[in-house]
Amino acid sequence: MFQGRPARNSEIILVGRSNVGKSTLMRNITGRAFRIGKKPGVTRKPNFYDHPQHNFLITDLPGFGFMSGVERTYRETIKTDVVQYVESNSNSILAAVLVIDGNSVIEIIDRHLSRGDIPHDIDFYNFLIDLEIPTILAINKIDKINNLDASLDTISTSFGLPQPWKQWSDIIAPISAKKGDLSSMLSILRTLLHDAKHDDLLQFFK
Ligand SMILES: Nc1nc2c(ncn2[C@@H]2O[C@H](COP(=O)(O)OP(=O)(O)O)[C@@H](O)[C@H]2O)c(=O)[nH]1
Ligand SMILES: [Mg+2]
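Right, dumping it as structure tokens:
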């Protein structure tokens, strides 16, 4: 279990596989220099962005799934820890941002499905929905995607959201964390916060 979570009543979490851009996104949202990996799996503990005066936390959780140079058992420990973290704090979590590398996700999902496995991203999405946590699918690295609409349709469908992806614009947010192109994600977050009667937190997602 992860240590050191400040006791706050409101939280937004960033989750996803390693190397998808969670820490880059965190840095972009908060303006703080969290460590960004050349090597996947560099974030092994949560990064907390704590706002005690707002009783609010933004948390960048460690990545799950494949990480080169990291033992399988260790990877599984991280996924279990992330699952436990979300379960035990689900009452405080106002929204989850499931970050996906839009440039590689289709290939990864296909590889898993052809082996008969449930891909981690889809598994995790269903887990968040089961816990009734409002979840944004942040499709990152769109600066590297050529056929954006077609790719987003494929990604959307594989998460059980039939194409065209645009009908899910309250869930699917194409972004580039690197370029600071986050407007679709910020707009969904603001709506979720407003609906959760948390207009006091809108200032963090302008
Ligand atoms: N091209 C591109 N690269 C990105 C983007 N966001 C993150 N990256 C790169 O992806 C790598 C992993 O990013 P990081 O934030 O450490 O991922 P994390 O493991 O999910 O925290 C780094 O080399 C980032 O510079 C993006 O929007 N576009
Ligand atoms: Mg990271």
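For my numbering, add 27 to where a residue sits in the sequence shown, where the first one is 1. Where a beta carbon is used, it is the ideal one built from N, C-alpha and C, also for glycine.
Taking just the CA atoms, how far does residue j sit from residue i?
i	j	result
GLY129	ALA200	11 Å
LEU88	ALA60	16 Å
GLN80	GLN30	21 Å
GLU224	ILE120	Strictly speaking, residue 224 in this sequence is Lys, with Glu absent from that position. Roughly 13 Å between the two C-alpha positions.
ARG142	ILE149	15 Å
PHE154	ASN173	30 Å
TYR101	GLY90	12 Å
GLN111	MET28	7 Å
GLY68	ASN46	At GLY68, the pLDDT of 48 sits below 50, so the modelled position is not reliable; the number obtained from the coordinates is stated separately. In a straight line, the C-alpha of GLY68 is about 7 Å away from that of ASN46.
THR162	VAL113	12 Å
LEU209	ILE133	21 Å
PHE186	LYS168	18 Å
THR107	ILE135	21 Å
VAL126	ARG35	23 Å
ALA123	ALA204	16 Å
ASP137	ILE56	31 Å
LEU52	LEU158	24 Å
GLY58	ILE40	16 Å
Going by beta carbon distance, what residues of the same chain come within less than 8 Å of residue i, once the five residues before and after it are set aside?
i	result
THR218	ASP197
LYS233	LEU213
GLU38	PHE83, LEU84, ILE85, THR86, ASN116, SER119, ILE120, LEU121
HIS221	LEU229
PRO33	PHE75, ASP77, PRO79, LEU84
Secondary structure at residue i, three-state DSSP: helix, strand or coil?
i	result
HIS225	coil
ALA204	coil
VAL126	strand
PHE91	strand
ASN120	Checking the displayed sequence, the identity of residue 120 turns out to be Ile instead of Asn. In the structure shown, ILE120 sits in a strand (DSSP, three-state: E or B).
GLY68	Note that GLY68 has pLDDT 48, beneath the 50 cutoff, so the model's placement of it is unreliable and the number below is only indicative. Residue state, collapsed to three classes: coil.
ILE172	coil
LYS199	It is Ile, not Lys, that sits at residue 199 in the sequence shown. Three-state result, ILE199: strand.
ARG217	helix
ALA60	coil
ASP144	coil
LYS233	coil
Within the continuous beta strand (DSSP E) that includes residue i, where are the two ends?
i	result
LEU41	37-43
LEU164	162-167
PHE75	74-78
Suppose the cutoff is 6 Å on Cβ atoms and the five residues either side in sequence are ignored; what does the same chain contact list for residue i look like?
i	result
HIS139	PRO146
LEU188	TRP195
THR184	GLN190
ILE105	PRO89, PHE91
Span of the alpha helix (DSSP H) holding residue i?
i	result
LEU84	Note, LEU84: premise wrong, no alpha helix (DSSP H); beta strand (DSSP E) at 83-87.
SER50	49-57
ILE136	132-141
GLN111	99-115
PHE154	147-157
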